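S.K.: This is the structure I have questions about; it appears just below.
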Amino acid sequence: MQKCRKDKEIPESLGDWERTDMCGRLNARDAQRELTVMGWVARVRDLGQLLFVELRDRTGDVQIVFDADVDEALWRAAKAWRTEYVVAVRGLLRERAPEAVKSESPTGSVEILPKEAKLLSKAETPPFYIRDDIGVDESLRLRYRYLDLRRPEMQRNLELRSKANRSVREFLHQRSFSEIETPYLTRSTPEGARDYLVPTRGRRGEFYALPQSPQLFKQLLMIAGFDRYYQLVRCFRDEDLRADRQPEFTQIDIEMAFTREQAIQSLVEELLAHLFADLWEVKIPTPFPRLTYKDALSRYGTDKP
Numbered sequence: 016m017q018k019c020r021k022d023k024e025i026p027e028s029l030g031d032w033e034r035t036d037m038c039g040r041l042n043a044r045d046a047q048r049e050l051t052v053m054g055w056v057a058r059v060r061d062l063g064q065l066l067f068v069e070l071r072d073r074t075g076d077v078q079i080v081f082d083a084d085v086d087e088a089l090w091r092a093a094k095a096w097r098t099e100y101v102v103a104v105r106g107l108l109r110e111r112a113p114e115a116v117k118s119e120s121p122t123g124s125v126e127i128l129p130k131e132a133k134l135l136s137k138a139e140t141p142p143f144y145i146r147d148d149i150g151v152d153e154s155l156r157l158r159y160r161y162l163d164l165r166r167p168e169m170q171r172n173l174e175l176r177s178k179a180n181r182s183v184r185e186f187l188h189q190r191s192f193s194e195i196e197t198p199y200l201t202r203s204t205p206e207g208a209r210d211y212l213v214p215t216r217g218r219r220g221e222f223y224a225l226p227q228s229p230q231l232f233k234q235l236l237m238i239a240g241f242d243r244y245y246q247l248v249r250c251f252r253d254e255d256l257r258a259d260r261q262p263e264f265t266q267i268d269i270e271m272a273f274t275r276e277q278a279i280q281s282l283v284e285e286l287l288a289h290l291f292a293d294l295w296e297v298k299i300p301t302p303f304p305r306l307t308y309k310d311a312l313s314r315y316g317t318d319k320p
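Here the working numbering is used: position 46 in the sequence shown is 61, and no number is missing along the way.
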């Protein structure tokens with residue numbers, strides 16, 4: 016650990032270190048291999064001459080064993096580590112003894128014997144545990160959003176959204192759709208709600224609008240000959256929050272020319288069936304049940320989706 020002039024510790028530099036593996040993807044097939052992992056200290060268990068550190072990154076965690084009888088200097092350095100410290104470790108991955116295997120953990124059959132370690136950044140004690148089912152007020156989670164997003168549940172949610180976006184793109188590209196972006200800053204085109212306005216410095220008193228939906232551009236592209244295009248796009252509506260409406264959201268825009276109503280319905284059904292199968296391995300039957308306008312009103316009192 017380096018020292019500054021006022022005798023305060025400063026973080027170590029990575030230098031030429033490069034991460035070779037992600038913590039949560041290690042298993043017995045990787046045993047007896049030298050590797051470098053980096054992440055956040057999730058937990059420290061001090062058993063005297065043995066120190067067990069669980070290191071976490073976005074893929075999961077892995078156990079690192081510091082043994083005072085093997086390397087006392089390294090063991091002493093790691094004893095100062097606390098939860099949420101950011102560290103880098105180089106070492107040998109080995110299989111755990113049969114009685115020490117944790118079958119409930121993806122990395123429960125292996126552990127790292129460190130040869131070198133670097134403390135990259137210290138951390139204050141977090142206001143809540145970085146784990147699921149923490150039972151704290153949402154306002155506290157939002158105040159420390161950067162900590163909340165480290166929790167496994169939140170990371171799974173964002174990874175699921177990322178996988179869903181990729182799956183949608185693959186599905187549509189296989190069906191000859193082009194992905195085309197349309198502008199966010201545009202001329203106001205009043206629709207169902209007020210536009211968000213963005214003032215421009217270039218022309219005093221004039222404004223751009225954030226699109227409620229890219230309807231104007233959809234029509235332009237259809238006329239230009241892009242008969243199958245899509246985008247995953249942000250939409251903005253300046254209106255009060257309601258149970259079924261919020262100021263900004265993401266929608267999947269799918270535009271088709273030279274088609275019929277049935278073809279559009281079938282495409283959306285196939286897309287949803289594909290997503291459920293790809294994300295959750297759930298098979299949903301198609302075609303979906305259809306309601307007439309009369310049936311919808313008589314059964315539900317509304318024809319909204």
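Even glycine gets a Cβ: it sits at the ideal position worked out from N, Cα and C.
Note that this is a predicted model, so its numbers are computed, not measured.
Would you decide whether W55 is buried or exposed? Buried here means 16 or more other CB atoms lie within 10 Å of its CB.
M.R.: In the sequence shown, residue 55 corresponds to position 40, counting from 1. Result: buried.
S.K.: Please state whether the Cβ-Cβ distance between V77 and T122 is less than 7 angstroms.
M.R.: Here residue 77 refers to the residue found at position 62 of the sequence shown. Here residue 122 refers to the residue found at position 107 of the sequence shown. Cβ atoms of V77 and T122: closer than 7 angstroms.
S.K.: Mind pulling the alpha helix (DSSP H) runs of 4 or more residues that sit fully within the segment 234 to 314?
M.R.: As far as the segment 234 to 314 is concerned, its whole alpha helix (DSSP H) runs of at least 4 residues are 276 to 295.
S.K.: Could you compute how far the alpha carbon of C19 sits from the alpha carbon of Y211?
M.R.: Mapped onto the sequence shown, residue 19 falls at position 4. Mapped onto the sequence shown, residue 211 falls at position 196. Low per-residue confidence applies at C19: pLDDT is 41, beneath 50, and the placement is therefore not dependable, though the value from the model is reported in the following sentence. Roughly 50 angstroms separates the two Cα atoms.
S.K.: Grab me the residues of Q230's own chain with a C-beta within less than 6 angstroms of its C-beta, minus the 5 sequence neighbours each way, in chain order.
M.R.: Stepping through the sequence shown from its first residue, residue 230 is reached at position 215. Nothing listed; no residue qualifies.
S.K.: Note down, in chain order, each residue of its chain lying with its Cβ closer than 6 angstroms to the Cβ of A258, except the 5 sequence neighbours on either side.
M.R.: As a position in the sequence shown, residue 258 is number 243, starting the count at 1. Answer for A258: no residue qualifies.
S.K.: CB-CB under 6 angstroms to K233, same chain, minus the five flanking residues each way: which ones, in chain order?
M.R.: Along the sequence shown, one-based indexing puts residue 233 at 218. E270.
S.K.: Compare the C-alpha of R34 against each of D72, N42, R58 and name the closest.
M.R.: Taking the sequence shown and counting its residues from 1, the one referred to as residue 34 is at position 19. Per the Cα distances, D72.
S.K.: On the three-state DSSP scale, how would you describe R44?
M.R.: The count along the sequence shown starts at 1 and reaches residue 44 at position 29. Helix at R44.
S.K.: Determine the closest residue to K94 out of S120, E114, A112, R60, with distance taken between C-alpha atoms.
M.R.: Taking the sequence shown and counting its residues from 1, the one referred to as residue 94 is at position 79. Nearest C-alpha to K94: R60.
S.K.: With a CB to CB cut of under 7 angstroms and the five nearest residues on each side skipped, what residues in its chain are close to I195?
M.R.: In the sequence shown, counting from the first residue as 1, residue 195 sits at position 180. Taken in chain order, the residues that qualify are L236, F241, Y244, Q246.
S.K.: Find the nearest neighbour of R91 within the set L134, T74, T51, E110, judged by alpha-carbon distance.
M.R.: Position 76 of the sequence shown, counted from the start, is the residue given in the question as residue 91. Closest option to R91, Cα to Cα, is L134.
S.K.: Would you decide whether E263 is buried or exposed? Buried here means 16 or more other CB atoms lie within 10 Å of its CB.
M.R.: The residue given as residue 263 occupies position 248 in the sequence shown. By the 10 Å Cβ count, E263 comes out exposed.
S.K.: Note down, one range per segment and in chain order, each beta strand (DSSP E) of at least 3 residues found wholly within the segment 124 to 150.
M.R.: Within the segment 124 to 150, the complete beta strand (DSSP E) runs of at least 3 residues are 125 to 136.
S.K.: Rank V283, D310, S313, K309 by C-alpha distance to the C-alpha of P300 and give the top, closest one.
M.R.: For the purposes of this step, residue 300 is taken as the residue at position 285 of the sequence shown. It is V283.
S.K.: Alpha carbon to alpha carbon, how far is D86 from E185? Give it in angstroms, no decimals.
M.R.: Counting from 1 along the sequence shown, the entry for residue 185 is found at position 170. Counting from 1 along the sequence shown, the entry for residue 86 is found at position 71. Those two C-alpha atoms are separated by around 50 angstroms.
S.K.: When the Cα atoms are used, what is the spatial distance from L65 to A83?
M.R.: In the sequence shown, counting from the first residue as 1, residue 65 sits at position 50. In the sequence shown, counting from the first residue as 1, residue 83 sits at position 68. When rounded, the distance between both Cα atoms is 6 angstroms.
S.K.: Is there contact between the segment 95 to 113 and the segment 29 to 48, where contact requires at least three CB pairs shorter than 8 angstroms?
M.R.: Verdict: yes, contact present.
S.K.: Is the Cβ-Cβ distance between A43 and E99 less than 7 angstroms?
M.R.: Residue mapping note: residue 43 aligns to position 28 of the sequence shown, counting from 1. Residue mapping note: residue 99 aligns to position 84 of the sequence shown, counting from 1. Not closer than 7 angstroms, so no.
S.K.: State the start and end residues of the unbroken beta strand (DSSP E) segment that holds E153.
M.R.: Taking the first residue of the sequence shown as 1, we reach residue 153 at position 138. From DSSP, E153 is part of no beta strand (DSSP E) but of the alpha helix (DSSP H) over 153 to 158.
S.K.: Would you mind reading off the limits of the alpha helix (DSSP H) that contains A93?
M.R.: As a working mapping, residue 93 is identified with position 78 in the sequence shown. Element bounds for A93: 87 to 94.
S.K.: Where does the unbroken beta strand (DSSP E) through L324 begin, and where does it stop?
M.R.: In this structure the chain extends from 16 to 320, so residue 324 is not present and cannot be described.
S.K.: Nearest-angstrom Cα distance between S4 and H289?
M.R.: Because the chain in this structure spans residues 16 to 320, residue 4 falls outside the shown range and cannot be described.
S.K.: Can you tell me the Cα-Cα spacing of V52 and R156, whole angstroms?
M.R.: Indexing the sequence shown from 1 puts residue 52 at position 37. Indexing the sequence shown from 1 puts residue 156 at position 141. About 28 angstroms.
S.K.: Roughly how far, in whole angstroms, is the beta-carbon of V102 from the beta-carbon of A57, given that I think they are within contact range, below 8 angstroms?
M.R.: Numbered from 1 along the sequence shown, position 87 holds the residue referred to as residue 102. Numbered from 1 along the sequence shown, position 42 holds the residue referred to as residue 57. Actually they are not in contact, since the Cβ atoms of V102 and A57 sit about 11 angstroms apart, beyond 8 angstroms.
S.K.: Can you give me the Cβ contacts of D318 inside the same chain, cut-off strictly under 7 angstroms, excluding the 5 residues immediately before and after it?
M.R.: The count along the sequence shown starts at 1 and reaches residue 318 at position 303. Closer than 7 angstroms at Cβ, skipping near neighbours: Y308, A311, L312.
S.K.: Looking at P129: is its Cβ nearer than 7 angstroms to the Cβ of V151?
M.R.: As a first step, residue 129 must be located in the sequence shown, where it is residue number 114. As a first step, residue 151 must be located in the sequence shown, where it is residue number 136. Contact flag unset, no.
S.K.: Decide if L41 is buried, meaning its Cβ has at least 16 other Cβ atoms within 10 Å, or exposed.
M.R.: The residue labelled residue 41 in the question sits at position 26 within the sequence shown. So L41 counts as buried.
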